[in-house]
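Asks: Heads up, the sequence shown is in our numbering, so the first residue is 527 and it goes up one at a time. Beta carbons are placed, not taken as given, at the ideal position from N, Cα and C, and that holds for glycine.
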Amino acid sequence: MEQQLLQNRLRTELPMIQDRVLLDKIAEVGQVMQLKQGTVILDYGQHIRLVPIVLDGIIKVTQEGEEGDILLYYLAHGNTCPTAFTCCMMDKTSDIKAVAEEDTEILAIPIKYIDEWSRDHIEWKNFIMHSYNIRFKELLSTIDAIAFAQLDQRLVLYLSKKIDLTQKKEFQITHKQIALDLNTTREAVSRLLKKMEQMGLVELGRNRIKVHHLNLEK
Numbered sequence: 527m528e529q530q531l532l533q534n535r536l537r538t539e540l541p542m543i544q545d546r547v548l549l550d551k552i553a554e555v556g557q558v559m560q561l562k563q564g565t566v567i568l569d570y571g572q573h574i575r576l577v578p579i580v581l582d583g584i585i586k587v588t589q590e591g592e593e594g595d596i597l598l599y600y601l602a603h604g605n606t607c608p609t610a611f612t613c614c615m616m617d618k619t620s621d622i623k624a625v626a627e628e629d630t631e632i633l634a635i636p637i638k639y640i641d642e643w644s645r646d647h648i649e650w651k652n653f654i655m656h657s658y659n660i661r662f663k664e665l666l667s668t669i670d671a672i673a674f675a676q677l678d679q680r681l682v683l684y685l686s687k688k689i690d691l692t693q694k695k696e697f698q699i700t701h702k703q704i705a706l707d708l709n710t711t712r713e714a715v716s717r718l719l720k721k722m723e724q725m726g727l728v729e730l731g732r733n734r735i736k737v738h739h740l741n742l743e744k
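#1: Alpha helix (DSSP H) containing arginine 575: first to last residue?
#2: For lysine 688, name the three-state secondary structure that DSSP assigns.
#3: In the DSSP output, which residue or residues are listed as bridge partners for methionine 655?
#4: Taking all protein chains shown into account, do 16 or more other C-beta atoms lie within 10 angstroms of the C-beta of aspartate 707, making it buried, or fewer, making it exposed?
#5: Indicate whether glutamate 627 and isoleucine 584 have their beta-carbon atoms separated by less than 7 Å.
#6: Roughly how many angstroms separate the alpha carbons of leucine 730 and asparagine 534, rounded to a whole number?
#7: CA-CA distance, glutamine 676 and leucine 536?
#8: Is leucine 681 closer than 7 Å to leucine 727 when the C-beta atoms are compared?
#9: Could you pull out every residue in the same chain whose Cβ sits closer than 6 Å to the Cβ of glutamate 696, ignoring the five residues on either side in sequence?
#10: Does DSSP put leucine 568 in a helix, a strand or coil?
#11: Between which two residues does the beta strand (DSSP E) containing threonine 711 stretch?
#12: Measure the CB-CB distance between aspartate 582 and glutamate 528 and report whether it falls below 7 Å.
#13: Compare the beta carbon distance of serine 686 and histidine 701 with 7 Å and say whether it is the shorter of the two.
#14: Run through DSSP, which three-state label would alanine 675 get?
#15: Alpha carbon to alpha carbon, how far is glycine 591 from histidine 603? Give it in angstroms, no decimals.
#16: Hey, which unbroken runs of the beta strand (DSSP E) at 3 residues or more fall wholly within the stretch 602-660?
#17: Based on the DSSP output, what are the partners of aspartate 595 in its beta bridges?
#18: For serine 620 versus glutamine 572, is the C-beta distance shorter than 7 Å?
#19: Among Asn605, Tyr600, Thr588, Val587, which one has its Cα closest to the Cα of glutamate 539?
#20: Go ahead and pull the three-state DSSP assignment for leucine 740.
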């Protein structure tokens, strides 16, 4: 009965996958895991045994840089991590870190099924390729922002993504965490947020930001 309930849920969470046989397999071998905020799902140098599909919550994926972790992208419900698939297929240790940004529920798929399903089920292959495409576009956007955008534009884009992911305009986060994600200093982020507050764009509290609007021209 539980497997049937999970299959029904997957049909909603993964609209690209409607093949009943494939859904049966995913529900049969997948392990539902409840993760607290801050839980490390994948770490640098770790051998990947399970690949996560997000059912609820948000996962932040980073890569090691010379000056700390670099934010690559976020995974929300229905998303999976193509970089983890790449590490699996190349049989190498993880070069990314995936952390639960908030309390998160995932479906963990053992890696031994990844190639098999790609060969046997076109919907699974399309799901993986779609994930690669979406994350690749996000990576290009991140690289473009780091290389060419001013910090105020990067901060606006960062807050916009937060709103899109959480569907909320108020969230708990420190200036230090934003600085780490944007690969800049806490002081620079604090100064800019204060300026944005004076412009009426945001409202700042203790480890809290409430966004009113993100039009810097107003």
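Replies: Let me lay it out:
#1: For arginine 575, no alpha helix (DSSP H) encloses it, and the DSSP letter there is neither H nor E.
#2: helix
#3: None; methionine 655 has no bridge partner.
#4: Flag for aspartate 707 reads buried.
#5: yes
#6: Taken atom to atom, the span from the alpha-carbon of leucine 730 to that of asparagine 534 is near 41 Å.
#7: Rounded to the nearest angstrom, the two C-alpha atoms are 40 Å apart.
#8: no
#9: Lys736
#10: strand
#11: No beta strand (DSSP E) contains threonine 711, which DSSP labels as neither H nor E.
#12: Cβ atoms of aspartate 582 and glutamate 528: not closer than 7 Å.
#13: no
#14: coil
#15: 27 Å
#16: 623-626, 630-636
#17: Glu590
#18: yes
#19: Minimum Cα distance to glutamate 539 is reached at Asn605.
#20: coil
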